[in-house]
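These notes are about the structure you will find just below.
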Amino acid sequence: LFLFDSAAHGGGLLDSVRFGLQVPDLSLGRLTEGVWGLCQPSFGAANRPQPTGDPRGLRINEWLADAQFVARNDFLELYNPDPLPVALGGFFLSDAAGAPTRFAIAPLSFIAGKGYAEFVADNDPTSGANHLNFKLSPDVGLVLLSSPGLELIDAVNYGAQRTDVSEGRSPDGASSMTAFSQPTPGGGNPGTALGECTLATTTVQLVTLGAAWKYNQTADLDGTGW
């Protein structure tokens, strides 16, 4: 976000701020000594800082490394078990043990309390603050989450992945890992203790077993009884 002077005064840049992932219903504002931080909205009044939680509890919660039909891209999801939002700016994500700083999360990025942060693993960081500069291997892989001081916060090793099947913690943030036939990026994993996510499968019979069927792909038959 940029603030420029008027054209009459030269149109110079007066102020700017760069931010990443945001938390619903919370704002960004200048706090002590002009440092930006998470705030409770206070339109027309002094900025009110929003307390934040402990980032050491963050967990790599779900990942999809071989997306073809159920999702547009592979993804990586973080979960925050703290009831307070947590600052993510300056933390690192990586898929290589010897290079923990491969992807730096944008400054002033946050994850909601008991919330999720989805990162698209498409090797296209120019598409947005939540797009990683690497892809996930569908064979054997490693995902690291490190603090700005390179303290290891969480790590996941995984084996060969199945197409359109994600893996992750069940329930959210737990030590147990399992596979999910229906990925849930940015939402609760199946099996969560609080029951935020329930999956249902409905089977619709289109053609009976042994029946003959055909289709016409040469004409537009909209509006007909065919």
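Per my numbering: the sequence shown ends with 1360, consecutive numbering throughout. We put the beta carbon where it would ideally sit given N, CA and C, even for glycine.
Practice problem: Just the C-alpha distance for Phe1226 and Pro1215, rounded to the nearest angstrom, thanks. | Solution: Near 19 angstroms, if we compare the C-alpha coordinates of Pro1215 and Phe1226.
Quiz item: Tell me which same chain residues have a C-beta within less than 7 angstroms of the C-beta of Leu1328, skipping the five on either side of it?
Solution: In this prediction, Leu1328 has a pLDDT of 46, which is less than 50 and means its spatial position is unreliable; what the coordinates show is noted afterwards. Cβ neighbours of Leu1328 beyond the five flanking positions: none.
Quiz item: Once you ignore the five residues that flank Gly1247 on each side, which residues in its own chain have a CB closer than 7 angstroms to its CB?
Solution: Gly1187, Asn1214, Asp1216, Pro1217, Leu1218, Pro1219.
Exercise. Helix, strand or coil for Gly1168, going by three-state DSSP, please let me know.
Key: In the structure shown, Gly1168 sits in a helix (DSSP, three-state: H, G or I).
Quiz item: When the Cα atoms are used, what is the spatial distance from Gly1262 to Asp1208?
Solution: Going from the Cα of Gly1262 to the Cα of Asp1208 covers about 15 angstroms.
Quiz prompt | For Leu1276, the residue or residues it bridges with in DSSP | solution = Bridge partners of Leu1276: Asn1291.
Quiz item: Hey, out of Ser1304, Ser1310, Thr1337, whose CA is closest to Gly1321's CA?
Solution: With distances taken between Cα atoms, Gly1321 lies closest to Ser1304.
Exercise. Decide yes or no for the touch test of the segment 1163-1182 against the segment 1253-1260: beta carbon pairs closer than 8 angstroms, at least 3 of them.
Key: Touching, no.
Self-check item: 3-residue-minimum beta strand (DSSP E) runs that sit fully inside the segment 1143-1198, ordered along the chain
Solution: Entirely contained in the segment 1143-1198, the beta strand (DSSP E) runs reaching 3 residues are, in chain order, 1147-1150, 1161-1164, 1170-1174, 1193-1198.
Self-check item: Contacting residues, own chain, Cβ-Cβ under 6 angstroms from Gly1249 (five flanking each side not counted)
Solution: The answer, listed in chain order, is Asn1214.
Quiz item: Looking only at its own chain, which residues have a Cβ that is under 8 angstroms from the Cβ of Asn1195, when we skip the five neighbours before and after it?
Solution: Once the five neighbours on either side are set aside, the close Cβ partners of Asn1195 are Glu1211, Leu1212, Tyr1213, Tyr1250, Gly1302, Arg1303, Asp1306, Gly1307, Asn1323.
Quiz item: Given a threshold of 16 other Cβ atoms within 10 Å of its Cβ, counted over all protein chains shown, does Ala1201 qualify as buried or as exposed?
Solution: By the neighbour-count rule (16 or more Cβ atoms within 10 Å), Ala1201 is buried.
Quiz prompt | Identified DSSP bridge partners for Gly1302 | solution = Its beta-bridge partners are Glu1196, Thr1312.
Exercise. Identify which residue in Asp1288, Pro1175, Thr1336 has its Cα closest to the Cα of Arg1190.
Key: The residue with the shortest Cα to Cα distance from Arg1190 is Asp1288.
Quiz prompt | Assigned secondary structure, Ser1228 (DSSP; H/G/I helix, E/B strand, else coil) | solution = It is a strand residue.
Quiz item: Can you name the start and end residues of the beta strand (DSSP E) that Leu1212 belongs to?
Solution: For Leu1212, the enclosing beta strand (DSSP E) starts and ends at 1209-1213.
Quiz item: Among Leu1148, Val1157, Ser1228, which has the Cα closest to the Cα of Leu1286?
Solution: When each option's Cα is compared against that of Leu1286, the closest is Ser1228.
Exercise. Tell whether a beta-carbon distance below 7 angstroms holds between Ala1240 and Gly1154.
Key: Their beta carbons are under 7 angstroms apart, which means Ala1240 touches Gly1154 by this criterion.
Quiz item: Nearest CA to the CA of Pro1272: which residue from Leu1137, Asn1291, Val1151?
Solution: Nearest C-alpha to Pro1272: Asn1291.
Quiz item: Going by beta carbon distance, what residues of the same chain come within less than 6 angstroms of Gln1374, once the five residues before and after it are set aside?
Solution: Summary: the structure shown does not reach residue 1374, with the chain confined to residues 1135 through 1360, and so no result is reported for it.
Self-check item: Leu1198 versus Ala1345: straight-line alpha-carbon distance, rounded
Solution: Cα-Cα distance, rounded: 37 angstroms.
Exercise. Can you grab the Cα-Cα spacing for the pair Phe1314 / Thr1166, in whole Å?
Key: One C-alpha to the other measures close to 45 angstroms.
Practice problem: Within 10 angstroms of the Cβ of Pro1158, are there 16 or more other Cβ atoms? Answer buried if so, exposed if not. | Solution: Classification for Pro1158: exposed.
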